Amino acid sequence: MELYQLTIKEALIGLAKKEFSQKDLRESCLKRIRKLNQKLNAFLTVAETKNFSETGGILAGIPIALKDIYLTKEMRTTAGSFVLENYIPQYNSSVVERLLKSGANILGKTNLDAWAHGSSGENSDFNPSKNPYDPSFVPGGSSSGSAVAVAAEMSLASFGTDTGGSIRLPASFCNVVGLKPTYGRVSRYGIIAMASSHDSIGHFTKTVFDNALILKITAGHDPHDGTSSREPVADYTKRINQGIKNLKIGIPKEYFQKGMDPRIEALVKKALQVMESLGAKFEEISLPHTEYALATYYILQPSELSSNLARYDGIRFGEDRACFGAEAKRRIMLGTYTLSAGYYDAYYLKAMKVRTLIKRDFTEAFKKVDAIVAPVSPTRPFKFKEKTNDPLAMYLSDIYTVTMNLAGVPSLAVPCGFVGSLPVGLQVIGPFFSEELLFRIGHTYEQANNWYKMRPKL
Amino acid sequence: MAKRNELLTIEEVKHTATLAKLKLDPEELAKFKDQLSQVLGYINKLQELKMKDILPTSQVTDLSNVFRKDEIRPSLTQTETLSNAKEAYQGFFKVEAIFTE
Chain A
1 MELYQLTIKE
11 ALIGLAKKEF
21 SQKDLRESCL
31 KRIRKLNQKL
41 NAFLTVAETK
51 NFSETGGILA
61 GIPIALKDIY
71 LTKEMRTTAG
81 SFVLENYIPQ
91 YNSSVVERLL
101 KSGANILGKT
111 NLDAWAHGSS
121 GENSDFNPSK
131 NPYDPSFVPG
141 GSSSGSAVAV
151 AAEMSLASFG
161 TDTGGSIRLP
171 ASFCNVVGLK
181 PTYGRVSRYG
191 IIAMASSHDS
201 IGHFTKTVFD
211 NALILKITAG
221 HDPHDGTSSR
231 EPVADYTKRI
241 NQGIKNLKIG
251 IPKEYFQKGM
261 DPRIEALVKK
271 ALQVMESLGA
281 KFEEISLPHT
291 EYALATYYIL
301 QPSELSSNLA
311 RYDGIRFGED
321 RACFGAEAKR
331 RIMLGTYTLS
341 AGYYDAYYLK
351 AMKVRTLIKR
361 DFTEAFKKVD
371 AIVAPVSPTR
381 PFKFKEKTND
391 PLAMYLSDIY
401 TVTMNLAGVP
411 SLAVPCGFVG
421 SLPVGLQVIG
431 PFFSEELLFR
441 IGHTYEQANN
451 WYKMRPKL
Chain B
1001 MAKRNELLTI
1011 EEVKHTATLA
1021 KLKLDPEELA
1031 KFKDQLSQVL
1041 GYINKLQELK
1051 MKDILPTSQV
1061 TDLSNVFRKD
1071 EIRPSLTQTE
1081 TLSNAKEAYQ
1091 GFFKVEAIFT
1101 E
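Residue numbers (the numbering used here), protein chains in the order written: chain A, 1 to 458; chain B, 1001 to 1101.
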């Protein structure tokens, strides 16, 4: 067994037993990156290993990869865009500080749809990442490189952002675990903002246990982020083995409608049967405003990002605004329009009201059930260029994921099978700050199957 | 509330581009006119909903007035702050002239 094949849990045990060194582990991953990155284009920047020194801490010696939207001090950060092609941040994002303090080491910065605008990875200004299970298919986006890095075993964990599904979708397309935490659970400070009231800071791992371990480090109040929560951070791994007996899980009928790939529906329903055999109880529920979520999201998100991207003036940092790619320009234009005088009420204000209704759908549902299980994507991973000529078709990829960002609730994406050679995932959704419960459900389901043992042929 | 049946006009697209500080060429203007009209058409779905007595949600945390003490704390140095600037002059960011006289 190669060191890059280990989970974080296994690596920490091996390091503690001195079966290998921290340097060995890092070198194993770097070697894997050198072997595969040309083919998969997961990394935009690979960190040099100068002056490697052993670290202490809960994640001591664990190599990680960061979506190139996380500011890393003195390490180029591009947001996947020509605008920041040469930008060298002067400080680390808060999450990076926490990870370094806990002993992790950075392998590099991963590829993404520029500015996190996208669902496939195809909007990267530096060529897209490829799905390691079949490189003629997209890995999902916008955190495409991060999902690929873990799926292809180039890194033991990787980090992303989820504003409308950008962790959960690539996680499902690449057969890895991806968490979108509760909004405000993890600090956004130092992470290039997309839609500030939607951006959720999460991560990818090979297993649910690993994912829970990482959240223990990244979660918590940050005085630099005014929206970060003071809610105490749970010990996410402590009760992860307690099982799901008698847990009430809701199945939202709006997520199983016509137009969904029947093979995906079958896989998710099979997963529900497995959970039932493990003791969970199911109830059909309704999230009645689901059909309005995408429209709501495609007013609020572009509006917020048009404001956030206004800072790229080419004066204090970055290149001229002419270097923005087509998708960035499109979203800036859409957002500027919907916020402009005469249209604010019709669009932005209206969307904010619908957001109230969508959030309320979840609050009402969680009065009846403990958690909700749903598919992540209505389709299997698609081929490159399949949706690039039709922006609206691309936006529809997010149909099952945007609701959670609008409501702020957490959601854990877990592999649930394959359509042919292409992975499919489901999501486990809970009330605010219920990540501990989501991990328990995800872990119980995961361990009753073999999806987490599958690896792409590379 | 007036239903938006007509497409975006080129004038509206040009005006939006000015507000957004984006310089678009005629090809881009035409393309965005079509694509944005299409997206706006989809977004019009929200007109189906009755919004009486619904308060808007601008953010989901229930937090408000998150302040810290107004005390000076260490921040970036001037050198660090200028490190990515295209042009700097004696510790300042250099910008285009606003007053042309």
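Don't be surprised by glycine CBs; every beta carbon is placed ideally from N, CA and C. Model, not experiment: these values are computed from the prediction.
Legend entry - Neighbourhood of A1030 of chain B by C-beta, 8 Å cutoff - its chain only, sequence neighbours within 5 removed: I1010
Legend entry - Cross-chain neighbours of P1056 of chain B in chain A, by beta carbon under 8 Å: L349, M352, K353, R355, T356
Inset, instruction - For M75 of chain A, name the three-state secondary structure that DSSP assigns. - result: strand
Inset, instruction - State yes or no: is the beta carbon of M333 of chain A nearer than 8 Å to at least one beta carbon in chain B? - result: yes
Legend entry - Within chain A, partners of S1083 of chain B - CB distance below 8 Å: I88, Q90
Legend entry - Contacting residues, own chain, Cβ-Cβ under 7 Å from L357 of chain A (five flanking each side not counted): H289
Inset, instruction - Put S144 of chain A into one of helix, strand or coil per three-state DSSP. - result: helix
Inset, instruction - Determine the closest residue to T459 of chain A out of A:R185, A:D162, A:L339, with distance taken between C-alpha atoms. - result: This structure cannot settle anything about residue 459 of chain A, because the visible part of chain A is limited to 1 through 458.
Inset, instruction - Can you tell me which of A:T388, A:S411, A:S377, A:P415 puts its alpha carbon nearest to the alpha carbon of I399 of chain A? - result: A:S377
Legend entry - Pick from A:A116, A:A79, A:S136, A:G57 that is closest to L100 of chain A, judged by C-alpha positions: A:G57
Inset, instruction - Please list the partners that K1086 of chain B has in chain A, where partner means a Cβ-to-Cβ separation under 8 Å. - result: G314, I315
Legend entry - Members of the segment 272-299 of chain A near chain B, C-beta cut-off 7 Å: Y292, A295, T296, Y298, I299
Inset, instruction - Sort A:L396, A:R360, A:V233, A:S228 by Cα distance to Y298 of chain A and report the nearest one. - result: A:L396
Inset, instruction - List the endpoints of the continuous alpha helix (DSSP H) containing P391 of chain A. - result: 391-395
Inset, instruction - Give the interface partners of I1098 of chain B over in chain A, defined as CB-CB distance under 8 Å, in chain order. - result: Simply none; closest approach about 13 Å.
Legend entry - Enclosing alpha helix (DSSP H) for P375 of chain A [first to last residue]: From DSSP, P375 of chain A is part of no alpha helix (DSSP H) but of the beta strand (DSSP E) over 371-375.
Inset, instruction - For M1 of chain A, count neighbouring Cβ atoms within 10 angstroms of its own Cβ and tell me buried if that reaches 16, exposed if not. - result: exposed
Inset, instruction - Rank B:L1019, B:E1048, B:I1098, B:R1073 by C-alpha distance to the C-alpha of P223 of chain A and give the top, closest one. - result: B:R1073
Inset, instruction - May I ask you to list, following chain order, the residues of the segment 1069-1083 of chain B that have a beta carbon less than 8 Å from some beta carbon of chain A? - result: L1076, E1080, T1081, S1083
Inset, instruction - Compare the C-beta of L71 of chain A with all C-beta atoms of chain B and state if any pair is closer than 8 Å. - result: no
Legend entry - From A:A393, A:W451, A:Y343, residue whose alpha carbon lies closest to that of Y1042 of chain B: A:A393
Legend entry - The alpha helix (DSSP H) enclosing Q447 of chain A, as first and last residue numbers: 435-447
Legend entry - First and last residue of the uninterrupted beta strand (DSSP E) at A65 of chain A: 63-67
Inset, instruction - Ignore the nearest five residues each way along the sequence and tell me which others in S129 of chain A's own chain have a CB closer than 7 Å to its CB. - result: L40, N41, A42, N111, G121, P139, S144, G145, V148
Inset, instruction - Kindly say whether A219 of chain A, judged by its beta-carbon, lies nearer than 8 Å to any beta-carbon of chain B. - result: no
Inset, instruction - Leaving out five residues on either side along the sequence, give the residues of the same chain with a beta carbon under 6 Å from the beta carbon of I332 of chain A. - result: S306, L309
Inset, instruction - Would you please state the rounded distance, in angstroms, between the beta carbons of E74 of chain A and I88 of chain A? I believe it to be under 8 Å. - result: 6 Å
Inset, instruction - Would you mind working out which of A:N105, A:I13, A:V424 sits nearest N51 of chain A, comparing C-alpha positions? - result: A:N105
Inset, instruction - For N105 of chain A, name the three-state secondary structure that DSSP assigns. - result: strand
Legend entry - chain B residues whose Cβ lies nearer than 8 Å to that of K385 of chain A: Neighbours of K385 of chain A on chain B: none; closest Cβ ~17 Å, over 8 Å.
Legend entry - N- and C-terminal bounds of the beta strand (DSSP E) containing C416 of chain A: 411-419
Inset, instruction - Spell out whether any CB of chain A is found under 8 Å from the CB atom of F1032 of chain B. - result: yes
Inset, instruction - Output yes if chain B places a C-beta closer than 8 Å to the C-beta of P415 of chain A; else output no. - result: no
Legend entry - Cβ-based contacts, 7 Å cut-off: residues of the segment 1035-1049 of chain B near chain C: Looking at the structure shown, chain C is missing, and the protein chains on hand are A and B.
Inset, instruction - Starting from I8 of chain A, follow the alpha helix (DSSP H) in both directions and report where the run begins and ends. - result: 8-16
Inset, instruction - List the endpoints of the continuous beta strand (DSSP E) containing D320 of chain A. - result: D320 of chain A -> no beta strand (DSSP E), and no H or E assigned at all.
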